[in-house]
Amino acid sequence: MKIRDVRAIPVFVGRRHQLVVKIETDEGIHGWGESGLSFRELAVVGAIRHYRELLIGKDPFRIGAIWQDLYRSQYFEGGRVLTAAISAIDIALYDLKGKALGVPVYELLGGKHRDFVPLFATIGRPVGPEMIDGAHELIAAGWTAIRTGMHAPREVNAAGEGVFEPWESVGETAHWLNKLREAVGHRAVLGIDYHHRLSVAEAASFCQKLGRDTLDFLEEPIRDETPEAYEALRRMTHVPFAIGEEFASKWQFLPYIERGIAQYARVDVCNVGGLTEAMKVAGSAEAHYVDLMPHNPLGPICSAATAHLCAAIPNVSFMEIRESPTEHTGFYDERLFPVQLRLDGPRLWLSDRPGLGVEFDEDAAGHAEFAPDLASERQHYLRRRDGSITNW
Numbered sequence: 158m159k160i161r162d163v164r165a166i167p168v169f170v171g172r173r174h175q176l177v178v179k180i181e182t183d184e185g186i187h188g189w190g191e192s193g194l195s196f197r198e199l200a201v202v203g204a205i206r207h208y209r210e211l212l213i214g215k216d217p218f219r220i221g222a223i224w225q226d227l228y229r230s231q232y233f234e235g236g237r238v239l240t241a242a243i244s245a246i247d248i249a250l251y252d253l254k255g256k257a258l259g260v261p262v263y264e265l266l267g268g269k270h271r272d273f274v275p276l277f278a279t280i281g282r283p284v285g286p287e288m289i290d291g292a293h294e295l296i297a298a299g300w301t302a303i304r305t306g307m308h309a310p311r312e313v314n315a316a317g318e319g320v321f322e323p324w325e326s327v328g329e330t331a332h333w334l335n336k337l338r339e340a341v342g343h344r345a346v347l348g349i350d351y352h353h354r355l356s357v358a359e360a361a362s363f364c365q366k367l368g369r370d371t372l373d374f375l376e377e378p379i380r381d382e383t384p385e386a387y388e389a390l391r392r393m394t395h396v397p398f399a400i401g402e403e404f405a406s407k408w409q410f411l412p413y414i415e416r417g418i419a420q421y422a423r424v425d426v427c428n429v430g431g432l433t434e435a436m437k438v439a440g441s442a443e444a445h446y447v448d449l450m451p452h453n454p455l456g457p458i459c460s461a462a463t464a465h466l467c468a469a470i471p472n473v474s475f476m477e478i479r480e481s482p483t484e485h486t487g488f489y490d491e492r493l494f495p496v497q498l499r500l501d502g503p504r505l506w507l508s509d510r511p512g513l514g515v516e517f518d519e520d521a522a523g524h525a526e527f528a529p530d531l532a533s534e535r536q537h538y539l540r541r542r543d544g545s546i547t548n549w
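The sequence shown runs contiguously to residue 549 in the numbering used here.
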């Protein structure tokens with residue numbers, strides 16, 4: 158069996174774009190993958206087109222060797238664009254191999270540790286009374302792990318760019334998180350995603366405003382390029398950190414795992430290098446008693462690949478899911494993905510179908526074409542009121 162074609166298919170799903178990749182063989186078997194690096198999909202398309210020429214004619218079963226070939230075949234190794242492309246290719250190869258052998262992907266990774274994957278849901282409502290109402294709805298529906306966002310007024314400047322002032326956010330967010338914990342008691346694990354919008358000082362001040370038992374995890378409070386900055390913050394707060402959704406290799410995870418900075422590893426199979434690399438991160442994390450809390454912001458292919466990873470490793474806390482009773486995103490559109498894993502409230506059930514257990518309808522995708530939108534892109538530029546840029 159040889160690889161005959163590799164195609165990148167950017168498509169609009171729900172409220173955002175997804176980049177689906179299809180690998181075809183000369184025996185008519187195909188595999189589906191998905192790339193991360195959201196909002197920079199066209200850059201990844203270029204990388205996949207380049208990799209296509211390296212992949213044609215190769216044996217698709219040699220997944221590990223192909224990973225090394227793509228990563229190390231040039232002087233400038235890695236980087237988020239290239240590993241996002243490698244991730245999609247790697248996931249598609251696992252899907253293809255599972256179909257060819259008639260087994261689910263988790264069997265290729267060592268077999269199941271669990272029958273379903275425990276999930277956490279995001280309260281898709283503004284910080285305040287609505288957030289508390291959303292938490293009550295989720296708990297009533299059986300969810301035991303809940304994440305919320307930070308206080309971020311929906312303010313837009315004259316150029317159509319969002320406005321975010323960190324110091325205005327931390328006090329309001331902490332106030333309502335304390336009220337949220339009081340309202341739900343200890344019926345749920347509570348976390349917050351600060352989307353790396355704070356400095357060390359701002360993040361420390363935020364944590365100091367929280368009750369001792371308010372938060373169970375704090376996700377990405379600051380940027381991750383400098384582990385020493387996170388170490389400084391680690392010394393200032395008791396709240397466990399969930400870090401790593403942007404990491405593009407096992408090497409980026411190393412200092413966070415080995416130095417005890419991250420208490421949860423937010424690995425993203427569509428960014429880190431696919432299932433091949435994610436399994437190595439999981440092994441390193443297990444050796445340091447760190448659980449994976451996988452990042453999963455996209456659609457059914459990403460969800461399925463992440464679920465197969467979670468099935469095949471022992472150290473999993475909760476997996477992110479974007480469809481919940483309070484947030485219907487459309488990312489799991491059944492017109493585009495007629496075959497997908499079954500979501501049952503706070504559980505994602507593993508399928509025994511060969512491969513990932515997901516199929517993509519290319520004809521339907523033709524009616525949901527990728528359409529770059531500068532106005533939407535500007536929403537991802539955040540500025541402070543003085544005009545300076547800040548992290549989205």
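Glycine included, each C-beta is placed from N, C-alpha and C at the ideal position.
Is the region 390-409 touching the region 351-363, taking contact as three or more C-beta pairs under 8 Å? yes
Which same chain residues end up closer than 7 Å to Gly214 when comparing Cβ atoms and leaving out the 5 residues on each side of it in sequence? Lys159 and Ile160
In chain order, what are the residue ranges of uninterrupted beta strand (DSSP E) at least 3 long that sit wholly in the region 504-530? 504-506
Expected contact under 8 Å - CB spacing of Cys459 and Val426 to nearest Å: 7 Å
Do you know whose CA, among Tyr413, Arg391 and Met393, lies nearest Glu382's CA? Tyr413
Report the start-end ranges of each alpha helix (DSSP H) in the region 388-413 that is 4 residues or longer and not cut off at the edges. none
From Phe169, Asp162, Val163 and Arg164, residue whose alpha carbon lies closest to that of Leu493: Phe169
Closest Cα partner of Thr394 within the set Pro378, Tyr489 and Trp408: Checked all of Pro378, Tyr489 and Trp408; the closest Cα to Thr394 is Pro378.
Between the alpha carbons of Ile546 and Tyr538, how many angstroms are there, rounded? 7 Å
Under the rule that 16 or more other beta-carbon atoms within 10 Å means buried, what is His207, buried or exposed? With fewer than 16 Cβ atoms within 10 Å of its Cβ, His207 is classed as exposed.
Terminal residues of the continuous alpha helix (DSSP H) containing Glu153? Absent from the structure is residue 153, since the part of the chain shown begins at 158 and ends at 549.
So the candidates are Ile243, Gly236, Tyr232 and Leu276; which of them puts its Cα closest to the Cα of Ala222? The shortest Cα separation from Ala222 among Ile243, Gly236, Tyr232 and Leu276 belongs to Ile243.
Could you tell me the boundaries of the alpha helix (DSSP H) in which Pro323 lies? Pro323 to Val341
With DSSP as the reference, label Thr433 as helix, strand or coil. Thr433: helix per DSSP, three-state reduction.
With H, G and I counted as helix, E and B as strand and the rest as coil, what does DSSP make of Pro261? Looking at Pro261 - three-state DSSP - the assignment turns out to be strand.
Separation of Glu322 from Lys366, as counted between CA atoms: 17 Å
Cβ-Cβ separation, Thr463 to Pro451 (assumed contact under 8 Å), whole Å: 5 Å
Does any heavy atom of the ligand SAH sit closer than 8 Å to the C-beta of Ala461? What this structure holds is no ligand at all, so the ligand SAH is not there to describe.
Rounded to whole angstroms, what is the Cα-Cα separation between His524 and Leu390? Distance between the alpha carbons of His524 and Leu390 is about 47 Å.
With 16 as the cutoff for other CB atoms within 10 Å, does Phe374 come out buried or exposed? Counting Cβ neighbours within 10 Å, Phe374 comes out buried, since at least 16 surround it.
For His308, which residues from the same chain have a beta carbon less than 6 Å from its beta carbon, with the 5 sequence-adjacent residues on both sides left out? Contacts found: Val284, Ser326, Glu329 and Thr330.
Can you tell me which of the three DSSP states Gly267 falls into? coil
For Glu491, count neighbouring Cβ atoms within 10 angstroms of its own Cβ and tell me buried if that reaches 16, exposed if not. exposed
Please report the straight-line C-alpha distance between Ile349 and Glu376, rounded to a whole angstrom. 6 Å
Going by DSSP, which residues form a beta bridge with His207? Its beta-bridge partners do not exist; DSSP assigns none.
N-terminal and C-terminal residue of the beta strand (DSSP E) that Arg499 is part of: Arg499 to Asp501
Judging by CA-CA distance, which residue of Lys269, Trp333 and Ala204 is the nearest neighbour of Gly236? Ala204
Are the CB atoms of Arg541 and Val320 within a distance shorter than 9 Å? Yes, Cβ-Cβ distance for Val320 and Arg541 is below 9 Å.
Rounded to the nearest angstrom, what separates Ile418 and Tyr387 at their Cα positions? 7 Å
Beta-bridge partners of Thr240, as assigned by DSSP: Answer is none; Thr240 lacks a bridge partner.
Endpoints, the beta strand (DSSP E) within which Gly134 is located: Nothing can be reported for residue 134: it is not among the residues displayed for the chain, which extend from 158 to 549.
Hey, how far is the Cα of Pro310 from the Cα of Arg282? 12 Å
For Glu210, which option in Glu184, Tyr232 and Ile180 has the closest C-alpha, if you only look at C-alpha atoms? Ile180
So is Leu258 buried or exposed if we call it buried at 16+ other beta carbons inside 10 Å? exposed
So, Pro511 versus Phe488, is the Cβ gap smaller than 9 Å? no
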